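The sequence shown begins at 0 in numbering that gives the first Met the number 0 and counts up one residue at a time. Positions of the beta carbon are idealized from the N, C-alpha and C atoms, including for glycine. This one's a predicted model, so the numbers in the text were calculated from it and none came from an experiment.
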Amino acid sequence: MVYYTINSFGELGLFAKENFNSGDVVFSKTLTSFQNQPDKYSIQVDHNNHFNPNNEVLAKTNHSCAPNAIIVYEESTVKLVAIKPVLIDDEMTFNYLTTEYTLANPFKCNCGSIDCFQDIKGYRDLSPAQKKSLQPYILGYLKGR
Ligand SMILES: [Zn+2]
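Right, dumping it as structure tokens:
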């Protein structure tokens with residue numbers, strides 16, 4: 000289970016209500032409708048398919064360049080999956096560059112990670128080395144792009 004609260008940056012974020020191990024599915028939802036353009040809250044799952052979480056869990060999940068979760072999309076189901084051990088009251092994050100080819104709302108990242116990508120514009124704008132570093136985490140539609 001997860002909950003929403005204000006994080007240390009003063010923004011709403013998604014937090015763990017229980018401990019998760021690497022590989023645990025934190026949230027999952029079968030998708031039935033998509034929009035064909037990105038917006039600030041959508042998550043891109045395929046070339047022309049953007050899922051809008053509205054007020055659901057994934058709408059509140061912040062970006063990090065050193066996240067503790069990833070987005071997985073398979074068989075019409077989107078999942079938030081832990082990639083590190085997560086403790087109760089840890090904020091859950093994923094790297095938006097692993098889902099978005101081009102962000103509708105690019106931003107400067109302040110995550111503080113030594114591997115910070117800084118300009119979060121989309122997978123399209125990454126260097127070959129940056130793309131390579133994200134290969135294990137990107138959605139299937141981005142592979143080879
Ligand atoms: Zn960052």
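Item: In chain order, each beta strand (DSSP E) run of at least 3 residues that lies wholly inside the segment 72-144; Value: 76-81, 90-93
Item: Helix, strand or coil at ALA68 [DSSP, three-state]; Value: strand
Item: Cross-strand partners of GLY12 (DSSP beta bridge); Value: THR4
Item: Outcome for VAL85 when other beta-carbon atoms lying within 10 angstroms are tallied against a minimum of 16; Value: buried
Item: Strand pairing of ASP38, partner residues [DSSP]; Value: Note: ASP38 sits in no beta bridge, so no partner.
Item: Buried/exposed call for PRO135, threshold 16 Cβ in 10 Å; Value: exposed
Item: Between the CA atoms of TYR140 and ASP45 - distance to the nearest angstrom; Value: 5 Å
Item: Bridge-paired residues (DSSP) for ASP23; Value: In DSSP, ASP23 forms no bridge with anything.
Item: Contacting residues, own chain, Cβ-Cβ under 6 Å from ALA58 (five flanking each side not counted); Value: TYR40, PRO52
Item: Under 8 Å between C-beta atoms of ASN6 and ASN61; Value: yes
Item: 8 Å contact criterion, which PHE106 and ILE70 should meet: CB distance rounded; Value: Actually they do not touch by this definition, with Cβ atoms about 18 Å apart.
Item: SER112 CB to nearest heavy atom of ligand 1 below 7 Å; Value: yes
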